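In the numbering used here, the protein residues as written are 100 to 472. Beta carbons are placed, not taken as given, at the ideal position from N, Cα and C, and that holds for glycine. Computed from a predicted structure; not experimentally measured. Below is one structure, written out as C-alpha coordinates; comments come after it.
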Amino acid sequence: MTDELLLTGARAIDARGERPGAWLLVRDGRIAEVGDGPAPAAAERVDLDGAVLTPGLVDIHVHGGGGHAFDDGSDAILAGVAAHRRHGTTATVVSLVSSAPEVLRRRLDAVSAARRVNPGILGAHLEGPCLSPARRGAHDPAALSAPDERFVELVLSTEPGLIRQITLAPELPGAMQAIEAFVAHGVRVGIGHTEADYDLARAAFDRGATLLTHALNAMPAIGHREPGPVPAALADERVTLELILDGVHVHPAVARVLLTAAPGRVALITDAMAAAAHHDGAYRLGDLDVRVTDGRAVLADGRTIAGSTLTLDRAVRSAIVDLGLDPSDAVGAATAVPARALGDETRGLLEPGMRADLVAWDAEWRPQRVWAG
(Lines of atoms letter the chains of each structure in order from A and count residues from 1; the text may use other names and numbers.)
(Lines give C-alpha, C1' and ligand atoms only; values in the text may rest on other atoms or scores of the structure.)
Protein backbone atom coordinates (compact mmCIF):
# COMPACT_ATOMS: atom_id res chain seq x y z
CA MET A 1 0.00 0.00 0.00
CA THR A 2 1.25 3.49 -0.85
CA ASP A 3 1.97 5.72 2.12
CA GLU A 4 0.35 9.04 1.20
CA LEU A 5 -0.22 12.33 3.02
CA LEU A 6 -1.64 15.62 1.75
CA LEU A 7 -0.87 18.84 3.62
CA THR A 8 -3.10 21.79 2.67
CA GLY A 9 -3.58 25.42 3.63
CA ALA A 10 0.10 26.11 4.18
CA ARG A 11 2.25 29.19 3.83
CA ALA A 12 5.08 27.22 2.25
CA ILE A 13 8.55 28.77 2.64
CA ASP A 14 11.93 27.48 1.55
CA ALA A 15 15.19 28.98 0.32
CA ARG A 16 13.65 29.73 -3.08
CA GLY A 17 10.78 31.81 -1.79
CA GLU A 18 7.27 31.75 -0.38
CA ARG A 19 4.04 30.23 -1.67
CA PRO A 20 0.87 31.17 0.27
CA GLY A 21 -2.11 28.85 0.25
CA ALA A 22 0.01 25.90 -0.85
CA TRP A 23 -0.61 22.19 -0.69
CA LEU A 24 2.01 19.46 -0.63
CA LEU A 25 1.55 15.79 -1.40
CA VAL A 26 3.86 13.25 0.24
CA ARG A 27 4.13 9.75 -1.14
CA ASP A 28 6.35 7.00 0.32
CA GLY A 29 8.49 9.42 2.29
CA ARG A 30 9.17 11.85 -0.57
CA ILE A 31 7.53 15.04 -1.75
CA ALA A 32 5.51 13.98 -4.79
CA GLU A 33 3.77 17.22 -5.77
CA VAL A 34 3.52 20.85 -4.65
CA GLY A 35 0.85 23.31 -5.78
CA ASP A 36 -1.39 26.21 -4.87
CA GLY A 37 -4.55 25.40 -6.82
CA PRO A 38 -7.06 22.58 -6.33
CA ALA A 39 -5.46 19.83 -4.25
CA PRO A 40 -5.44 16.17 -5.34
CA ALA A 41 -7.02 13.37 -3.38
CA ALA A 42 -4.89 11.50 -0.84
CA ALA A 43 -5.23 8.68 1.66
CA GLU A 44 -4.65 11.10 4.55
CA ARG A 45 -5.20 14.85 4.60
CA VAL A 46 -4.09 17.46 7.14
CA ASP A 47 -5.24 21.08 6.94
CA LEU A 48 -2.50 23.34 8.28
CA ASP A 49 -4.87 26.31 8.48
CA GLY A 50 -2.36 28.93 7.35
CA ALA A 51 0.62 27.64 9.33
CA VAL A 52 4.10 28.08 7.89
CA LEU A 53 5.47 24.91 6.30
CA THR A 54 9.23 24.57 5.73
CA PRO A 55 11.72 21.82 5.03
CA GLY A 56 13.07 20.04 8.09
CA LEU A 57 16.06 21.76 9.68
CA VAL A 58 19.57 20.44 9.02
CA ASP A 59 22.17 20.83 11.81
CA ILE A 60 25.69 20.02 10.63
CA HIS A 61 27.40 20.88 13.93
CA VAL A 62 25.88 19.69 17.21
CA HIS A 63 27.35 17.79 20.19
CA GLY A 64 24.27 16.81 22.19
CA GLY A 65 20.89 17.76 23.58
CA GLY A 66 18.13 16.74 25.94
CA GLY A 67 20.71 16.01 28.65
CA HIS A 68 22.68 13.63 26.40
CA ALA A 69 26.22 14.10 25.04
CA PHE A 70 26.95 12.53 21.67
CA ASP A 71 30.34 11.31 22.91
CA ASP A 72 28.55 8.93 25.33
CA GLY A 73 27.47 6.21 22.91
CA SER A 74 24.70 5.31 20.49
CA ASP A 75 21.84 5.47 23.02
CA ALA A 76 22.88 8.99 24.01
CA ILE A 77 23.13 9.98 20.34
CA LEU A 78 19.63 8.70 19.59
CA ALA A 79 18.16 10.43 22.65
CA GLY A 80 19.92 13.72 21.93
CA VAL A 81 18.86 13.67 18.28
CA ALA A 82 15.27 13.01 19.37
CA ALA A 83 15.39 16.08 21.63
CA HIS A 84 16.45 18.26 18.71
CA ARG A 85 13.87 16.58 16.47
CA ARG A 86 11.14 18.06 18.66
CA HIS A 87 12.56 21.48 17.76
CA GLY A 88 12.39 20.86 14.02
CA THR A 89 15.79 19.34 13.27
CA THR A 90 15.21 16.33 11.03
CA ALA A 91 18.80 15.80 9.82
CA THR A 92 21.83 15.81 12.10
CA VAL A 93 25.58 15.53 11.71
CA VAL A 94 26.83 14.21 15.06
CA SER A 95 29.82 16.26 16.20
CA LEU A 96 32.53 14.63 18.30
CA VAL A 97 35.11 16.54 20.34
CA SER A 98 38.86 15.89 20.30
CA SER A 99 39.92 12.54 21.72
CA ALA A 100 42.65 9.93 21.40
CA PRO A 101 42.45 7.75 18.26
CA GLU A 102 41.25 4.64 20.09
CA VAL A 103 38.51 6.62 21.83
CA LEU A 104 37.55 8.36 18.62
CA ARG A 105 37.18 5.03 16.84
CA ARG A 106 34.76 3.78 19.54
CA ARG A 107 32.75 6.98 19.24
CA LEU A 108 32.58 6.62 15.47
CA ASP A 109 31.31 3.06 15.92
CA ALA A 110 28.54 4.50 18.10
CA VAL A 111 27.58 7.02 15.40
CA SER A 112 27.51 4.19 12.86
CA ALA A 113 25.19 2.15 15.07
CA ALA A 114 22.90 5.11 15.72
CA ARG A 115 22.50 6.03 12.07
CA ARG A 116 21.42 2.48 11.26
CA VAL A 117 18.49 3.09 13.62
CA ASN A 118 17.72 6.70 12.65
CA PRO A 119 18.31 7.67 8.99
CA GLY A 120 18.12 11.33 9.99
CA ILE A 121 21.61 10.89 11.47
CA LEU A 122 23.77 11.74 8.48
CA GLY A 123 27.14 10.78 9.94
CA ALA A 124 29.87 12.32 12.06
CA HIS A 125 31.74 15.60 12.27
CA LEU A 126 35.19 15.33 13.81
CA GLU A 127 35.83 18.66 15.51
CA GLY A 128 39.43 17.85 16.26
CA PRO A 129 41.83 16.59 17.38
CA CYS A 130 43.80 18.56 14.76
CA LEU A 131 43.23 21.98 16.32
CA SER A 132 45.46 24.84 17.40
CA PRO A 133 46.29 24.58 21.13
CA ALA A 134 46.03 28.37 21.34
CA ARG A 135 42.48 28.30 19.91
CA ARG A 136 41.29 25.02 21.40
CA GLY A 137 38.23 26.44 23.17
CA ALA A 138 36.47 23.65 25.07
CA HIS A 139 38.70 20.86 23.76
CA ASP A 140 40.99 18.87 26.04
CA PRO A 141 44.57 20.07 25.33
CA ALA A 142 45.89 16.57 26.07
CA ALA A 143 43.82 15.19 23.17
CA LEU A 144 45.10 17.55 20.49
CA SER A 145 47.45 16.39 17.76
CA ALA A 146 48.63 17.19 14.26
CA PRO A 147 47.00 15.35 11.33
CA ASP A 148 49.68 12.69 11.34
CA GLU A 149 49.71 9.42 9.41
CA ARG A 150 47.82 7.59 12.17
CA PHE A 151 44.94 10.06 12.17
CA VAL A 152 44.73 10.23 8.39
CA GLU A 153 44.62 6.43 8.21
CA LEU A 154 41.84 6.34 10.84
CA VAL A 155 39.73 8.67 8.71
CA LEU A 156 40.40 6.93 5.42
CA SER A 157 39.68 3.49 6.87
CA THR A 158 36.14 4.31 8.08
CA GLU A 159 33.07 3.13 6.21
CA PRO A 160 32.14 5.42 3.31
CA GLY A 161 29.96 8.35 4.35
CA LEU A 162 30.38 7.86 8.08
CA ILE A 163 32.61 10.90 8.53
CA ARG A 164 30.86 13.76 6.76
CA GLN A 165 33.14 16.59 7.82
CA ILE A 166 36.32 17.37 9.75
CA THR A 167 37.44 20.59 11.37
CA LEU A 168 41.18 21.24 11.46
CA ALA A 169 43.69 24.06 11.79
CA PRO A 170 45.54 24.46 8.46
CA GLU A 171 48.73 25.75 10.10
CA LEU A 172 49.47 22.37 11.70
CA PRO A 173 52.21 20.17 10.16
CA GLY A 174 50.73 17.99 7.42
CA ALA A 175 47.39 19.81 7.41
CA MET A 176 47.37 20.80 3.75
CA GLN A 177 48.13 17.26 2.61
CA ALA A 178 45.46 15.95 4.99
CA ILE A 179 42.86 18.33 3.52
CA GLU A 180 43.51 16.93 0.06
CA ALA A 181 43.35 13.33 1.29
CA PHE A 182 40.10 13.87 3.20
CA VAL A 183 38.39 15.69 0.33
CA ALA A 184 39.42 12.91 -2.06
CA HIS A 185 37.75 10.48 0.38
CA GLY A 186 34.48 12.42 0.18
CA VAL A 187 34.84 14.25 3.50
CA ARG A 188 34.06 17.95 3.78
CA VAL A 189 36.81 19.90 5.53
CA GLY A 190 36.22 22.93 7.71
CA ILE A 191 38.84 25.42 8.84
CA GLY A 192 38.49 26.21 12.52
CA HIS A 193 40.08 26.44 15.96
CA THR A 194 42.93 28.05 14.11
CA GLU A 195 45.50 30.85 14.09
CA ALA A 196 45.39 30.98 10.29
CA ASP A 197 45.70 34.35 8.64
CA TYR A 198 43.96 35.46 5.45
CA ASP A 199 46.51 33.99 3.05
CA LEU A 200 46.73 30.63 4.81
CA ALA A 201 42.95 30.32 4.91
CA ARG A 202 42.79 31.05 1.18
CA ALA A 203 45.44 28.39 0.57
CA ALA A 204 43.40 25.86 2.59
CA PHE A 205 40.31 26.64 0.53
CA ASP A 206 42.32 26.17 -2.65
CA ARG A 207 43.38 22.73 -1.33
CA GLY A 208 39.71 21.76 -0.97
CA ALA A 209 38.37 23.01 2.38
CA THR A 210 34.83 24.30 1.89
CA LEU A 211 33.65 25.18 5.41
CA LEU A 212 34.55 27.76 8.03
CA THR A 213 33.72 26.20 11.39
CA HIS A 214 31.64 28.50 13.65
CA ALA A 215 32.81 31.65 11.92
CA LEU A 216 34.43 34.27 14.18
CA ASN A 217 34.74 31.86 17.11
CA ALA A 218 38.13 30.24 17.94
CA MET A 219 39.95 32.11 15.19
CA PRO A 220 41.55 35.53 14.61
CA ALA A 221 39.15 38.46 14.51
CA ILE A 222 38.61 40.59 11.42
CA GLY A 223 41.30 43.27 11.35
CA HIS A 224 41.57 46.16 8.93
CA ARG A 225 45.21 45.29 8.13
CA GLU A 226 45.16 41.61 9.11
CA PRO A 227 41.78 40.41 7.87
CA GLY A 228 42.07 36.80 9.04
CA PRO A 229 40.13 33.74 7.85
CA VAL A 230 36.61 35.19 7.91
CA PRO A 231 37.11 37.65 5.01
CA ALA A 232 38.93 34.88 3.14
CA ALA A 233 35.80 32.73 3.45
CA LEU A 234 33.47 35.61 2.58
CA ALA A 235 35.42 36.22 -0.63
CA ASP A 236 35.31 32.58 -1.76
CA GLU A 237 32.04 31.40 -3.30
CA ARG A 238 33.05 27.78 -2.66
CA VAL A 239 32.96 28.23 1.12
CA THR A 240 30.05 27.89 3.56
CA LEU A 241 30.35 29.78 6.85
CA GLU A 242 28.85 28.21 9.98
CA LEU A 243 27.17 30.66 12.38
CA ILE A 244 26.03 30.12 15.97
CA LEU A 245 23.13 32.56 16.27
CA ASP A 246 22.49 32.41 20.02
CA GLY A 247 23.40 35.99 21.00
CA VAL A 248 26.37 34.66 23.00
CA HIS A 249 28.90 33.44 20.45
CA VAL A 250 28.48 36.28 17.94
CA HIS A 251 26.87 39.68 18.53
CA PRO A 252 23.65 40.02 16.50
CA ALA A 253 25.00 43.08 14.67
CA VAL A 254 28.03 41.11 13.50
CA ALA A 255 25.89 38.09 12.63
CA ARG A 256 23.81 40.35 10.40
CA VAL A 257 26.97 41.47 8.61
CA LEU A 258 27.91 37.86 7.82
CA LEU A 259 24.45 36.96 6.59
CA THR A 260 24.36 40.06 4.40
CA ALA A 261 27.90 39.65 3.05
CA ALA A 262 27.49 36.00 2.05
CA PRO A 263 23.85 35.42 1.07
CA GLY A 264 23.10 31.74 0.59
CA ARG A 265 26.44 30.70 2.10
CA VAL A 266 25.87 31.05 5.86
CA ALA A 267 24.69 27.85 7.57
CA LEU A 268 23.02 28.27 10.94
CA ILE A 269 24.31 25.67 13.39
CA THR A 270 23.76 25.07 17.10
CA ASP A 271 27.13 23.71 18.28
CA ALA A 272 24.85 22.55 21.09
CA MET A 273 26.01 20.45 24.01
CA ALA A 274 23.93 18.19 26.24
CA ALA A 275 22.07 21.03 28.00
CA ALA A 276 20.26 22.11 24.83
CA ALA A 277 16.52 21.39 25.17
CA HIS A 278 17.26 20.54 28.82
CA HIS A 279 18.13 22.62 31.88
CA ASP A 280 20.95 24.40 33.70
CA GLY A 281 23.42 22.38 35.76
CA ALA A 282 26.64 20.38 35.60
CA TYR A 283 27.54 18.53 32.40
CA ARG A 284 30.49 16.99 30.58
CA LEU A 285 31.76 17.86 27.13
CA GLY A 286 34.13 15.09 26.13
CA ASP A 287 36.38 14.76 29.17
CA LEU A 288 35.88 18.31 30.46
CA ASP A 289 33.48 19.63 33.11
CA VAL A 290 30.94 22.22 32.02
CA ARG A 291 28.61 24.40 34.07
CA VAL A 292 25.44 25.80 32.47
CA THR A 293 23.91 28.90 34.06
CA ASP A 294 21.00 30.81 32.50
CA GLY A 295 21.53 28.77 29.34
CA ARG A 296 25.20 29.77 28.98
CA ALA A 297 27.69 26.86 28.97
CA VAL A 298 31.26 27.48 30.19
CA LEU A 299 34.17 25.34 31.34
CA ALA A 300 35.21 25.15 34.98
CA ASP A 301 37.45 28.20 34.46
CA GLY A 302 34.27 30.27 34.22
CA ARG A 303 35.43 32.00 31.03
CA THR A 304 35.71 29.57 28.11
CA ILE A 305 32.44 29.03 26.23
CA ALA A 306 31.72 25.30 25.95
CA GLY A 307 29.31 25.02 23.07
CA SER A 308 25.76 26.36 23.22
CA THR A 309 22.34 25.41 24.53
CA LEU A 310 20.77 26.51 21.27
CA THR A 311 18.17 24.63 19.26
CA LEU A 312 18.00 25.32 15.54
CA ASP A 313 14.41 26.56 15.59
CA ARG A 314 15.50 29.31 17.98
CA ALA A 315 18.27 30.31 15.57
CA VAL A 316 15.76 30.59 12.73
CA ARG A 317 13.40 32.59 14.94
CA SER A 318 16.22 34.92 15.98
CA ALA A 319 17.29 35.48 12.37
CA ILE A 320 13.74 36.56 11.46
CA VAL A 321 12.61 38.38 14.61
CA ASP A 322 15.85 39.86 15.95
CA LEU A 323 17.90 40.38 12.78
CA GLY A 324 15.02 41.15 10.43
CA LEU A 325 16.14 38.56 7.88
CA ASP A 326 13.67 37.62 5.17
CA PRO A 327 11.99 34.36 6.28
CA SER A 328 13.03 32.61 3.07
CA ASP A 329 16.68 33.47 3.72
CA ALA A 330 16.47 32.47 7.39
CA VAL A 331 14.85 29.14 6.56
CA GLY A 332 17.38 28.54 3.79
CA ALA A 333 20.26 29.12 6.22
CA ALA A 334 19.00 26.21 8.34
CA THR A 335 17.93 23.90 5.51
CA ALA A 336 19.18 24.26 1.94
CA VAL A 337 22.51 25.90 2.79
CA PRO A 338 23.75 23.22 5.25
CA ALA A 339 22.39 20.43 3.05
CA ARG A 340 24.26 21.84 0.07
CA ALA A 341 27.42 22.21 2.18
CA LEU A 342 27.30 18.43 2.68
CA GLY A 343 26.58 17.74 -0.96
CA ASP A 344 23.13 16.41 0.02
CA GLU A 345 20.68 17.02 -2.83
CA THR A 346 17.78 15.18 -1.17
CA ARG A 347 16.97 17.71 1.59
CA GLY A 348 16.38 21.37 2.18
CA LEU A 349 13.71 22.38 -0.37
CA LEU A 350 9.96 21.92 -0.80
CA GLU A 351 10.20 20.36 -4.23
CA PRO A 352 9.14 17.05 -5.81
CA GLY A 353 11.68 14.31 -5.22
CA MET A 354 12.96 15.75 -1.96
CA ARG A 355 12.76 13.79 1.28
CA ALA A 356 9.57 14.64 3.12
CA ASP A 357 11.29 16.16 6.15
CA LEU A 358 8.92 18.97 7.11
CA VAL A 359 8.14 21.41 9.91
CA ALA A 360 4.88 23.29 10.52
CA TRP A 361 5.37 26.56 12.47
CA ASP A 362 2.96 28.91 14.20
CA ALA A 363 2.82 32.67 13.67
CA GLU A 364 5.60 33.22 16.27
CA TRP A 365 7.94 30.84 14.43
CA ARG A 366 7.64 28.01 16.93
CA PRO A 367 7.46 24.43 15.58
CA GLN A 368 4.06 22.81 15.99
CA ARG A 369 4.50 19.57 14.06
CA VAL A 370 7.52 17.77 12.65
CA TRP A 371 7.53 15.07 9.98
CA ALA A 372 10.66 13.08 9.18
CA GLY A 373 10.55 11.11 5.93
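Within 10 angstroms of its Cβ, does residue i collect 16 or more other Cβ (buried), or is it exposed?
i, result
"residue 133", "buried"
"residue 198", "buried"
"residue 153", "buried"
"residue 392", "exposed"
"residue 305", "exposed"
"residue 461", "exposed"
"residue 411", "buried"
"residue 116", "exposed"
"residue 264", "buried"
"residue 289", "buried"
"residue 420", "exposed"
"residue 350", "exposed"
"residue 337", "exposed"
"residue 216", "exposed"
"residue 377", "buried"
"residue 170", "buried"
"residue 249", "exposed"
"residue 184", "buried"
"residue 49", "Residue numbering for the chain in the displayed model covers 100 to 472; residue 49 lies beyond these limits and cannot be assessed."
So who's on the other strand from residue i, going by DSSP bridges?
i, result
"residue 470", "457"
"residue 154", "457"
"residue 338", "Paired residues: none, contrary to the question."
"residue 263", "The partner list for residue 263 (beta bridge, DSSP) is empty, contrary to what the question assumes."
"residue 106", "123, 145"
"residue 118", "111"
"residue 382", "389"
"residue 163", "168"
"residue 404", "397"
"residue 311", "290, 340"
Assuming residue i is part of the alpha helix (DSSP H), what are its boundary residues?
i, result
"residue 351", "351-360"
"residue 255", "248-255"
"residue 440", "435-440"
"residue 431", "426-432"
"residue 129", "Premise fails: residue 129 lies in the beta strand (DSSP E), 129-134, not in any alpha helix (DSSP H)."
"residue 210", "200-216"
"residue 415", "411-420"
"residue 179", "173-184"
"residue 449", "Counting along the chain, residue 449 falls outside any alpha helix (DSSP H), and DSSP gives it neither H nor E."
"residue 330", "328-333"
"residue 371", "That residue, residue 371, is in no alpha helix (DSSP H); it is neither H nor E in DSSP."
"residue 242", "It is not in any alpha helix (DSSP H) - residue 242 carries neither H nor E in the DSSP assignment."
"residue 298", "297-306"
Starting from residue i, trace the beta strand (DSSP E) in both directions and tell me its first and last residue.
i, result
"residue 287", "287-290"
"residue 368", "365-368"
"residue 224", "220-226"
"residue 194", "188-195"
"residue 397", "395-398"
"residue 389", "387-392"
"residue 280", "First-last for residue 280: 274-283, but that is the alpha helix (DSSP H), not the beta strand (DSSP E)."
Cβ of residue i within 9 angstroms of Cβ of residue j?
i, j, result
"residue 307", "residue 318", "no"
"residue 436", "residue 155", "no"
"residue 384", "residue 401", "no"
"residue 222", "residue 255", "no"
"residue 382", "residue 396", "yes"
"residue 192", "residue 239", "no"
"residue 365", "residue 189", "no"
"residue 433", "residue 165", "no"
"residue 104", "residue 141", "yes"
"residue 506", "residue 465", "Outside the displayed range of the chain (100 to 472) lies residue 506, so it cannot be described from this structure."
Please report the Cβ distance between residue i and residue j, rounded to the nearest whole angstrom; I am assuming they are in contact, meaning their Cβ atoms lie under 8 angstroms.
i, j, result
"residue 367", "residue 344", "6 angstroms"
"residue 293", "residue 231", "5 angstroms"
"residue 145", "residue 177", "About 27 angstroms separates the two Cβ atoms, so there is no contact after all."
"residue 409", "residue 371", "5 angstroms"
"residue 303", "residue 369", "Actually they are not in contact, since the Cβ atoms of residue 303 and residue 369 sit about 24 angstroms apart, beyond 8 angstroms."
"residue 258", "residue 211", "7 angstroms"
"residue 269", "residue 299", "6 angstroms"
"residue 329", "residue 352", "That pair is no contact at about 15 angstroms."
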